[in-house]
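The numbering of the sequence shown is our numbering, which starts it at 4 and goes up by one.
By construction, the Cβ of each residue, glycine as well, lies at the ideal position given by its N, Cα and C atoms.
For clarity, every value in this text was computed on a predicted model and none was experimentally measured.
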Amino acid sequence: MPDDGPKPTTSERLRRAGIAAWSLIGIAIVVAALGYLLLRIRVVFPPLIVALLLIYLLNPLVTRFERRGIPRLGGTVLAFMAFFGILTLILLITIPFVSDQISDFSANWPEFRAKTVDYVDDAAADIEDRFGIELDTTQVDCLLGADRYDDVGAPSEEQCDEVTESFRERLVEQAGNFTEIGRSILEILLVFIFGPLLALYLLIDLPHLQRDLLNLAPESHREELRDLANRIGRAVGGFFRGQLVVALSVGLLSALGFWIIGLPFWFVIGGIAGFFNLIPLIGPYIGGAIGFLVGTLTTGIDLGLKAALVELIVQQIDNHFISPQVMKRAVQIHPATVVLALLAGGTLAGFWGVLLAVPSVAVAKIVLLHVWATRVLAVEPSPYARARAPAISPKVEEDEEGSSTSED
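So this is what it looks like as structure tokens:
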């Protein structure tokens with residue numbers, strides 16, 4: 004049987020491992036420096052993330068237009084028009100549902116408030132009877148049930164006045180935070196204005212930018228870097244596009260399940276579950292918790308348990324049928340790694356860190372495996388390796404033919 008080629012010796016593998024280790028240290032230093040720089044200029048981070056999301060979503064469509072003879076500028080404009088047209092259509096369809104359910108919530112708020120107070124008081128009394136832990140529900144009773152002064156066990160009007168005064172003092176103390184909240188809302192609006200504009204410009208010039216970045220590398224490594232960049236692009240783009248499909252599916256299935264069991268505000272709660280499913284493993288739990296709370300407070304524990312059961316079923320459908328089919332060509336990361344990445348991303352960069360945690364780990368995995376395969380094992384099953392295969396020295400080919408002949 005012919006040999007696949009000369010195997011590297013143990014000393015050669017150790018040498019390559021040392022080179023790979025120093026390479027990884029260098030990569031870590033570069034990543035740390037870039038992270039420090041991004042933290043210093045983090046104001047550009049959110050719009051850049053929005054731009055990258057749009058690029059990964061729309062670039063396949065722009066490329067398809069370009070292959071059909073449409074100039075890239077025209078294809079980019081058409082892709083943006085199609086994307087925002089579909090988004091506008093979705094908003095026009097969903098706004099009536101949301102508006103009706105918000106109106107229902109406002110109309111039923113007094114009853115909902117009273118049931119919430121009763122539920123909190125009953126839960127506190129049950130905890131005190133079973134565990135001997137006394138919970139003070141005065142603040143909840145006063146803030147939600149201010150018209151129940153004459154009820155047995157309810158706080159007096161004087162107690163509620165004290166709670167209201169204390170609450171007002173806290174609001175005054177936190178007045179500076181309201182300014183920060185207003186500034187954050189303004190920043191979010193600016194992000195969703197400048198992000199699409201940045202994506203538009205980058206999409207138009209994307210081939211030129213890719214070529215310019217590759218030209219910065221030595222010519223001998225350009226094919227390798229092009230292959231690595233293509234794999235990273237497929238993984239990250241597949242992840243973002245897949246997460247949108249999965250989130251939409253989870254939202255629709257959740258809303259449908261809540262509607263079947265008769266849960267109030269079924270459309271809004273299903274939309275919340277779908278939105279939070281943009282973050283892996285999070286959406287069904289949040290949707291289930293809100294559904295359980297709303298069902299329990301409005302009708303009873305039976306409806307709350309049914310809502311939780313709906314989200315459990317949706318999660319199982321997502322885990323076993325939707326996500327494996329949609330995400331099979333994207334990232335393949337263990338769930339424990341996903342959880343740790345989400346915790347680390349949230350600690351470092353809040354919501355944006357959580358959003359980028361899983362694709363960042365996927366990129367790190369691809370780069371580390373590539374370095375290990377090419378610099379330590381000298382094996383790289385990729386188009387880059389196949390392109391280099393004919394360049395093997397004739398002496399190696401002669402050795403392989405000689406060994407094959409001697410075996411025969």
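Closest to residue 355 by C-alpha separation, out of 281, 336, 92, 323, would be which residue?
Within the sequence shown, numbered from 1, the residue matching residue 355 stands at position 352. Out of 281, 336, 92, 323, 281 has the C-alpha closest to the C-alpha of residue 355.
Residue 254 beta carbon less than 8 Å from that of residue 274
For this step, residue 274 is matched to residue 271 along the sequence shown. For this step, residue 254 is matched to residue 251 along the sequence shown. Contact flag set, yes.
Can you list, in chain order, the stretches of the alpha helix (DSSP H) that have 4 or more residues and sit fully within the segment 73-134?
75-110, 112-134
Please report the distance separating the alpha-carbon of residue 131 from that of residue 40.
Translated into positions along the sequence shown, residue 131 becomes position 128. Translated into positions along the sequence shown, residue 40 becomes position 37. Roughly 53 Å between the two C-alpha positions.
How about residue 257 and residue 317: do their beta carbons lie closer than 8 Å?
Numbered from 1 along the sequence shown, position 254 holds the residue referred to as residue 257. Numbered from 1 along the sequence shown, position 314 holds the residue referred to as residue 317. Taking 8 Å as the Cβ cut-off, residue 257 and residue 317 qualify as a contacting pair.
8 Å Cβ cutoff met for residue 207 and residue 75:
As a first step, residue 207 is located in the sequence shown; it is residue number 204 there, counting from the start. As a first step, residue 75 is located in the sequence shown; it is residue number 72 there, counting from the start. Against a cut-off of 8 Å, the Cβ pair of residue 75 and residue 207 comes out as a contact.
For residue 64, I'd like the list of residues in its chain whose CB is within less than 6 Å of its CB, leaving aside the five on either flank, ordered along the chain.
One-based indexing of the sequence shown puts residue 64 at position 61. Excluding residues within five positions, the ones whose Cβ falls inside 6 Å are 82.
What are the start and end residues of each continuous beta strand (DSSP E) run of 3 or more residues lying completely inside the segment 220-281, in chain order?
none
Identify the continuous alpha helix (DSSP H) that holds residue 341 and give its terminal residues.
Taking the sequence shown and counting its residues from 1, one reaches residue 341 at position 338. Here the alpha helix (DSSP H) through residue 341 covers 338-378.
Counting pairs of beta carbons, one from the segment 86-106 and one from the segment 116-127, are three or more of them closer than 8 Å?
no
Using a Cβ-Cβ cutoff of less than 8 Å, which residues in the same chain neighbour residue 369 once the five nearest sequence positions on both sides are dropped?
For the purposes of this step, residue 369 is taken as residue 366 along the sequence shown, with counting starting at 1. Hits under 8 Å: 231, 234, 235, 238.
Jot down the residue ranges of each uninterrupted alpha helix (DSSP H) in the segment 44-75, minimum 4 residues, whole runs only, in chain order.
48-70
Where do the ends of the alpha helix (DSSP H) carrying residue 215 lie?
In the sequence shown, counting from the first residue as 1, residue 215 sits at position 212. Its alpha helix (DSSP H) spans residues 209-218.
Along the chain, where does the alpha helix (DSSP H) containing residue 305 start, and where does it finish?
Position 302 of the sequence shown holds residue 305. That run of the alpha helix (DSSP H) goes 304-320.
Going by other Cβ atoms of all chains shown within 10 Å of its Cβ, with 16 needed for buried, is residue 246 buried or exposed?
Residue mapping note: residue 246 aligns to position 243 of the sequence shown, counting from 1. It is buried - the Cβ of residue 246 has at least 16 other Cβ atoms within 10 Å.
Who are the Cβ neighbours of residue 118 in its own chain at under 6 Å, not counting the five residues just before and after it?
Indexing the sequence shown from 1 puts residue 118 at position 115. Hits under 6 Å: 300.
Outcome for residue 215 when other beta-carbon atoms lying within 10 angstroms are tallied against a minimum of 16:
Indexing the sequence shown from 1 puts residue 215 at position 212. Exposed is the call here.
Using the Cβ count rule (16 or more neighbours within 10 Å means buried), how would you classify residue 22?
Within the sequence shown, residue 22 is the residue found at index 19, counting from 1. When all chains shown are included, residue 22 counts as exposed.
If you draw a straight line from the alpha carbon of residue 268 to that of residue 189, how long is it in whole angstroms?
As a position in the sequence shown, residue 268 is number 265, starting the count at 1. As a position in the sequence shown, residue 189 is number 186, starting the count at 1. Distance between the alpha carbons of residue 268 and residue 189: 29 Å.
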